[in-house]
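S.K.: Here you go, one structure.
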Amino acid sequence: MTEVTSDVRVIIAVAGKDWRGELRSRQLPIGAAFFGAVTLFVFGFALGPDRAALAQAAPGLLWLALILAGMLVVSRLQQLETDDGAGEQLALYPASRGAIYLGKVTAALPFLLLLGAVLLPATAVLYSVVIGPALPALVATIVLGSFGFAAVGTFYAGLTARMRAREILLPLLLLPVIAPLLLAAVRATVAALAGDPFSEVASWLGLLAAFDLVMVAVGAATYGTVLEE
Amino acid sequence: MNRAALPVRLLGIAAVLTIGAATWYGLFVVPPDLNQGDAQRILYIHVASAWHAFFSFGLAAAASVGWLIWRNPRFDAAALAFAEVGVLFTVSTIWAGMMWGKPVWGTYWQWEDPRLVTTALLLALYLGYLLVRRLTDDPVRRATRAAAVAIIAAVDIPIVHFSVTWWRGLHQGPTFGNPETILNPPAPGAFVTALLFMLFGVILLWAWLIIRRYQLARLEWIAEEAAQRAAVGVPA
Chain G
1404 MTEVTSDVRV
1414 IIAVAGKDWR
1424 GELRSRQLPI
1434 GAAFFGAVTL
1444 FVFGFALGPD
1454 RAALAQAAPG
1464 LLWLALILAG
1474 MLVVSRLQQL
1484 ETDDGAGEQL
1494 ALYPASRGAI
1504 YLGKVTAALP
1514 FLLLLGAVLL
1524 PATAVLYSVV
1534 IGPALPALVA
1544 TIVLGSFGFA
1554 AVGTFYAGLT
1564 ARMRAREILL
1574 PLLLLPVIAP
1584 LLLAAVRATV
1594 AALAGDPFSE
1604 VASWLGLLAA
1614 FDLVMVAVGA
1624 ATYGTVLEE
Chain L
4 MNRAALPVRL
14 LGIAAVLTIG
24 AATWYGLFVV
34 PPDLNQGDAQ
44 RILYIHVASA
54 WHAFFSFGLA
64 AAASVGWLIW
74 RNPRFDAAAL
84 AFAEVGVLFT
94 VSTIWAGMMW
104 GKPVWGTYWQ
114 WEDPRLVTTA
124 LLLALYLGYL
134 LVRRLTDDPV
144 RRATRAAAVA
154 IIAAVDIPIV
164 HFSVTWWRGL
174 HQGPTFGNPE
184 TILNPPAPGA
194 FVTALLFMLF
204 GVILLWAWLI
214 IRRYQLARLE
224 WIAEEAAQRA
234 AVGVPA
């Protein structure tokens, strides 16, 4: 068996165990999606009933809701490893640490995409935004944004999982790092909803893709040192 | 460690004297700028701080890579010294920048200035770094976790700067001139002299702070190891 296929098997095994566990209890997908939807709802109260103002703020609010709910996803998936010392067992397997990291990133991805699938129509309904024609660009933005968030979020959730005050530390560390992701994703969403008049969606998606690649590479290289402890 | 005490003390004294003289030169010798008036005097400390802030964080990331490769506690002490002094200079940079921005730009905060936003995020990233250190008791774990955070931050900063630059570029927001080049008359001798003077003073201060913080970090590490040995009953 070559090294690459064995890494792929590790990634699938790590992601698969997380999916099975979370789909049986359904806590994570339901809890995170519900939290994201409630967040969108209370943003409405914060901004008032002005439809035009809500529609203008919609892309930023959508991404903030995705990120806040996404933090629940990545921290819950790391919690699985700290409960009963599962993470220590995982670290003892003769598998590359990079593959374990990619497995945890892969585990988070469908939950984040599910969040997007729930929150995008919720945004359309609550903030009177027409998403139909922009759908392909919006889906691409959500896929790239979710992947980048999973890459950084998995790394920081793993780093803080066994630390004191991790509930405070995770958002504090994570939010500044994903600032460029948030900026690029919101600009791409704004441009896509406006019909991309200045052809800038592709540029922002390119920036998102570059962020994803850089962060997943750094995460794969350093996650092992965090797991080693 | 007492071997180097005198040269380090002399360095500290030289830093205070140089910065004092540069402050006097910047406040009383340099004429007010035609456009910015007296506000331009803030730039000497602002620019000198900013260079050292970014320089410190680059070195903190390099020292962190050194720790992950060689696992020598000296790298961890160096990373801590660079990061902590870097935070100090970052705060100074942002503070001086806002004091300059209010009279000249008319606002403390300018979202579309990539350098301002990047510097603010740099501060947030490294405050997180210091918090990770504070919340980890075991010295080796602390060094490893902190090193990973420093490396992510160093990789993130260029992307932040690039994305904010693009944000401005694609939207044709209000464009401000480069503060270093909009001096009027364009950077005559006195302005340049004041900047270089202050820069030299800040280099001395920076070096002194780094050396002292590094020495303190080494002592802290040794004390922690001794405490751990005592806790498990191993004679020193």
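Chains as they are written, first to last, in our numbering: chain G, 1404 to 1632; chain L, 4 to 239. In this text, a Cβ means the ideal position worked out from N, Cα and C, and glycines have one as well. What you are looking at is a predicted structure, and each value in this text was computed from that prediction instead of being measured.
D36 (chain L) by DSSP, collapsed to three states: which one?
M.R.: Of the three classes helix, strand and coil, the one that applies to D36 (chain L) here is strand, per DSSP.
S.K.: What is the DSSP secondary structure of F1558 (chain G), counted as helix, strand or coil?
M.R.: It is helical.
S.K.: So is A111 (chain L) buried or exposed if we call it buried at 16+ other beta carbons inside 10 Å?
M.R.: As written in the sequence, residue 111 (chain L) is Tyr, which differs from the Ala given in the question. Classification for Y111 (chain L): exposed.
S.K.: Residues of chain L with CB closer than 7 Å to the CB of A1568 (chain G), please, in chain order.
M.R.: Chain L residues near A1568 (chain G): L138.
S.K.: Inspect the CB distances between the stretch 74 to 82 of chain L and the stretch 46 to 57 of chain L and report whether three or more fall short of 8 Å.
M.R.: In short, these stretches do not touch, since the Cβ pair count stays below three.
S.K.: Are the beta-carbon atoms of V1555 (chain G) and I1581 (chain G) separated by less than 8 Å?
M.R.: Cβ atoms of V1555 (chain G) and I1581 (chain G): closer than 8 Å.
S.K.: Quick check on A1472 (chain G): buried or exposed, where buried means 16 or more other Cβ atoms within 10 Å of its Cβ?
M.R.: So A1472 (chain G) counts as buried.
S.K.: Does V1417 (chain G) come within less than 8 Å of chain L when only Cβ atoms are used?
M.R.: No - not a single Cβ of chain L is within 8 Å of the one on V1417 (chain G).
S.K.: Within 10 angstroms of its Cβ, does E1570 (chain G) collect 16 or more other Cβ (buried), or is it exposed?
M.R.: That one is exposed.
S.K.: Name the residue from L:G29, L:A53, L:W54 and L:S52 whose alpha carbon lies nearest to the alpha carbon of A42 (chain L).
M.R.: When each option's Cα is compared against that of A42 (chain L), the closest is L:G29.
S.K.: Assuming M201 (chain L) and A64 (chain L) make a contact with CB atoms under 8 Å, what is their CB distance in whole Å?
M.R.: Actually they are not in contact, since the Cβ atoms of M201 (chain L) and A64 (chain L) sit about 26 Å apart, beyond 8 Å.
S.K.: Tell me which residue opens and which closes the alpha helix (DSSP H) that Y217 (chain L) is part of.
M.R.: G192 to V235 is the span of the alpha helix (DSSP H), which, as asked, contains Y217 (chain L).
S.K.: Starting from the C-beta of L1566 (chain G), find all residues in its chain whose C-beta is less than 8 Å away, skip the five residues before and the five after it, and write them out in chain order.
M.R.: Looking at the sequence shown, residue 1566 (chain G) is not Leu but Met. Excluding residues within five positions, the ones whose Cβ falls inside 8 Å are L1572.
S.K.: In chain order, what residues of the same chain have a beta carbon less than 8 Å from the beta carbon of G61 (chain L), not counting five sequence neighbours either side?
M.R.: Hits under 8 Å: A157.
S.K.: What residue range is occupied by the uninterrupted alpha helix (DSSP H) comprising E1484 (chain G)?
M.R.: Start and end: R1454 to T1485.
S.K.: How would you list, in chain order, the residues of chain G whose beta-carbon sits under 7 Å from the beta-carbon of W170 (chain L)?
M.R.: Here the neighbours are L1586 and R1590.
S.K.: Do you know how far the Cα of R232 (chain L) is from the Cα of A226 (chain L)?
M.R.: Distance between the alpha carbons of A226 (chain L) and R232 (chain L) is about 10 Å.
S.K.: Where does S1499 (chain G) fall in DSSP's three states?
M.R.: Coil.
S.K.: With a cut-off of 8 Å, does the C-beta of I97 (chain L) fall near any C-beta of chain G?
M.R.: No, because no Cβ of chain G sits closer than 8 Å to the Cβ of I97 (chain L).
S.K.: Which residues, in chain order, does the stretch 207 to 236 of chain L contribute to contact with chain G at a C-beta distance below 7 Å?
M.R.: Answer in chain order: no residues at all.
S.K.: Should S52 (chain L) go down as buried or exposed, given a rule of 16 or more other Cβ atoms within 10 Å for buried?
M.R.: It counts as buried.
S.K.: Could one say the Cβ of T131 (chain L) lies closer than 8 Å to chain G's Cβ atoms, at least one of them?
M.R.: The residue you asked about is not Thr; residue 131 (chain L) is Gly in the sequence shown. It does: the Cβ of G131 (chain L) has a partner Cβ on chain G nearer than 8 Å.
S.K.: How is V1407 (chain G) classed by DSSP in three states: helix, strand or coil?
M.R.: Three-state result, V1407 (chain G): helix.
S.K.: Enumerate in chain order the residues of its own chain whose CB-to-CB distance from A84 (chain L) is below 7 Å, with the five nearest sequence positions on each side excluded.
M.R.: Once the five neighbours on either side are set aside, the close Cβ partners of A84 (chain L) are I213, R216, Y217 and A220.
S.K.: In its own chain, which residues sit with a C-beta less than 6 Å from the C-beta of H174 (chain L), not counting the 5 before and 5 after it?
M.R.: Only weak support is given to the placement of H174 (chain L): the predicted model assigns it a pLDDT of 46, under 50, and the value that follows is read from those uncertain coordinates. There are no such residues.
S.K.: May I have the straight-line CA-CA distance separating V1621 (chain G) from V33 (chain L), to the nearest angstrom?
M.R.: Approximately 47 Å, taken between the alpha carbons.
S.K.: Hey, G131 (chain L) and L1576 (chain G): beta-carbon distance below 8 Å or not?
M.R.: Closer than 8 Å, so yes.
S.K.: Does the beta-carbon distance from Y1496 (chain G) to G1561 (chain G) come in below 8 Å?
M.R.: No, they are not a contact pair.
S.K.: Between the C-alpha atoms of G180 (chain L) and L1523 (chain G), what's the straight-line distance to the nearest angstrom?
M.R.: Residue confidence for G180 (chain L) is low, a pLDDT of 48 falling below 50, so the modelled location carries little weight; the figure read from the coordinates is stated next. Roughly 40 Å between the two C-alpha positions.
S.K.: Indicate whether the contact test is met: 3 or more Cβ pairs, each with one atom in the stretch 152 to 168 of chain L and one in the stretch 1607 to 1619 of chain G, closer than 8 Å.
M.R.: In short, these stretches touch, since the Cβ pair count reaches three.
S.K.: Would you call the stretch 134 to 153 of chain L and the stretch 90 to 104 of chain L in contact, with 3 or more CB pairs under 8 Å?
M.R.: No: the two stretches stay apart, fewer than three of their Cβ pairs being nearer than 8 Å.
S.K.: Using three-state DSSP, classify W108 (chain L) as helix, strand or coil.
M.R.: DSSP places W108 (chain L) in helix when its eight states are reduced to three.
S.K.: With respect to the alpha helix (DSSP H) encompassing G1488 (chain G), which residues constitute its N-terminal and C-terminal limits?
M.R.: Counting along the chain, G1488 (chain G) falls outside any alpha helix (DSSP H), and DSSP gives it neither H nor E.
S.K.: Does chain G have any CB closer than 8 Å to the CB of S166 (chain L)?
M.R.: So yes, S166 (chain L) belongs to the interface.
S.K.: Are the beta-carbon atoms belonging to P1432 (chain G) and L1516 (chain G) less than 8 Å from one another?
M.R.: It is not a contact, given that the beta carbons lie outside the stated cut-off.
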